[in-house]
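What follows is one structure encoded as structure tokens, with my remarks underneath.
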Amino acid sequence: MSPTTPMDIVSVIGLGYIGLPTAAVLAQAGKTVIGVDVKQSNVDAINAGRVPFVEEGLETVVAGAVAQGKLRAQIETPEADAYIVSVPTPFKGDHEADLSYIEAAARGIAPKLDGGELVVLESTSPPGATEQMAAVILAERPDLTDEPGRHNSVYFSHAPERVLPGRIMIEMIDNDRIIGGTTDEASEMTRDLYASFCKGQLHITDARTAEMAKLTENAFRDVNIAFANELSIISESQGIDVWELIELANHHPRVNILQPGPGVGGHCIAVDPWFIVSAAPEQAKLVRLAREVNDSKPDFVLEKVMAKAAKFREPVIAALGIAFKADIDDLRESPSKAIVERLSSEMEHATVLVAEPNVDELPVPLSQRPNVALAEVEDAIARADIVLVLVDHHQFKTLDRELLAEKIVVDTKGLWR
Ligand code: SAJ
1 MSPTTPMDIV SVIGLGYIGL PTAAVLAQAG KTVIGVDVKQ SNVDAINAGR VPFVEEGLET
61 VVAGAVAQGK LRAQIETPEA DAYIVSVPTP FKGDHEADLS YIEAAARGIA PKLDGGELVV
121 LESTSPPGAT EQMAAVILAE RPDLTDEPGR HNSVYFSHAP ERVLPGRIMI EMIDNDRIIG
181 GTTDEASEMT RDLYASFCKG QLHITDARTA EMAKLTENAF RDVNIAFANE LSIISESQGI
241 DVWELIELAN HHPRVNILQP GPGVGGHCIA VDPWFIVSAA PEQAKLVRLA REVNDSKPDF
301 VLEKVMAKAA KFREPVIAAL GIAFKADIDD LRESPSKAIV ERLSSEMEHA TVLVAEPNVD
361 ELPVPLSQRP NVALAEVEDA IARADIVLVL VDHHQFKTLD RELLAEKIVV DTKGLWR
């Protein structure tokens with residue numbers, strides 16, 4: 001196969017929040033897509049046309065692609081023309097990126113290669129990770145090369161995803177993409193592959209810049225949210241309504257402050273800036289500080305609720321939302337979930353009623369706490385002394401305000417101003 005061969009068979013490694021939508025839109029664009037996942041229950045669900053998590057519009061596309069035979073899932077890495085690696089990159093205890101899932105994916109791909117294939121890393125990664133992935137594959141297969149144009153050449157690139165959970169099926173198609181090959185040929189092949197489904201512009205650079213660009217986008221947002229969170233703490237000490245303050249400041253033509261909240265969660269913005277800090281610990285001062293400001297916001301919320309709860313012998317707290325943000329079921333790195341966990345462990349005499357419309361059961365350890373229960377939102381509020389808004393789910397926005405009469409309200413999202 002040469003770089004001009006159409007990439008008809010694509011294997012997507014890792015069928016999570018990014019991999020499965022990517023597999024689905026590639027199949028919709030006419031590719032034959034073989035998804036790979038380590039979890040048998042995910043594989044079974046997808047092969048039955050079901051999606052194992054909540055994402056607007058995804059299940060219809062998956063079900064259609066599976067029914068047409070364009071998409072299937074399996075545990076084993078198959079032979080394919082192109083591979084897209086979309087596995088987690090968590091961090092280790094010291095905030096250094098853990099590339100072991102990428103390395104495992106690379107070792108799965110290596111024996112399936114003949115020469116001519118494209119291997120794209122989509123997982124958010126520190127600078128140098130694409131080169132490392134290539135090195136793992138070439139160490140396993142010394143008969144292959146990353147020098148372009150030979151019969152045994154393999155092509156490597158980074159094409160970071162930039163989609164917003166909750167809008168993935170729209171943004172996967174519409175957003176511009178950054179593509180960074182380890183060679184120009186790899187960049188071109190990647191551009192051809194992504195052009196099959198992406199209507200946004202495809203911007204070409206090198207692999208390290210592409211890696212850093214993705215981290216930069218999320219660090220930019222983290223720094224801006226940290227500013228809003230710090231403002232909320234300052235405003236409280238000054239008796240100022242932070243929501244009104246931000247709204248007023250944002251009338252300036254060159255000011256656009258983001259919204260404060262209970263902290264920053266999810267597997268992207270709460271994680272990726274640390275990859276910059278760990279790559280350049282001496283230089284990345286502001287990036288580190290923003291992470292620290294956002295990570296400490298739950299402490300501020302916790303102290304506020306505990307102070308309000310002090311006047312009750314057995315306080316009942318309605319905690320509205322434990323997802324990491326509005327209208328999703330994702331609890332990863334959720335500051336809201338962390339606040340509920342700490343409330344329940346630090347105030348054993350309190351009862352915490354969790355209203356989370358996007359989950360059917362509480363996650364561990366909350367499910368094991370005797371003083372925490374999942375409840376319908378109206379019921380939780382009716383029984384509560386303190387109503388703590390942690391997530392701005394649409395179901396909460398339209399609640400009858402009469403329910404809040406005589407309740408102490410701590411609204412971390414400014415939902416009911
Ligand atoms: N948040 C605030 N205030 C705001 C905006 C967000 O407190 O004004 C909080 C949210 O509640 C949440 C966290 O920040 O806890 C992150 O939410 P988000 O909506 O900002 O971002 P994610 O993590 O869902 O998705 C981000 C996006 N990155 C950018 O907007 C730069 C998305 O485009 C990326 O693809 C995604 O990270 C990713 O996968 O990296």
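The numbers in our numbering rise by one with no breaks, and the one at position 120 of the sequence shown is 120. We put the beta carbon where it would ideally sit given N, CA and C, even for glycine.
In this structure, the straight-line span from the alpha carbon of H267 to that of D98 is close to 13 angstroms.
Taken through DSSP and simplified to helix, strand or coil, S345 comes out as helix.
Relative to the ligand SAJ, the nearest heavy atom lies less than 7 angstroms away from the CB of L258. Pairing H394 with P357, the inter-Cα distance amounts to about 10 angstroms.
If you look at Y83, you'll find it in the beta strand (DSSP E) that goes 82 to 85. With respect to I13, V120 sits apart: the two C-beta atoms are not nearer than 8 angstroms. Annotated as proximal: K304 and V410, with beta-carbon spacing under 8 angstroms. Assignment of L374 by DSSP, reduced to helix, strand and coil, places it in the strand class. Under the criterion of beta carbons closer than 8 angstroms, E122 and E147 do not qualify as touching, at roughly 24 angstroms.
For N218, the shortest C-beta to heavy atom distance toward the ligand SAJ is below 7 angstroms. Remark: the C-beta of D272 is in contact range of the ligand SAJ, defined as less than 7 angstroms to any heavy atom. Not a single heavy atom of the ligand SAJ lies less than 7 angstroms from the C-beta of T22.
In this structure, the ligand SAJ has a non-hydrogen atom nearer than 7 angstroms to the beta-carbon of R162.
Within its own chain, no residue has a Cβ closer than 7 angstroms to the Cβ of S237 once the five positions on either side in sequence are excluded.
Straight across, the Cα-Cα distance linking I75 with V277 is about 35 angstroms. Put simply, the backbone Cα of V377 is about 13 angstroms away from that of R401.
In the structure shown, the three-state DSSP call for Y194 is helix. By the criterion of a C-beta distance shorter than 7 angstroms, H95 is surrounded in its chain by W274, V277, S278, once the five residues flanking it on both sides are discounted.
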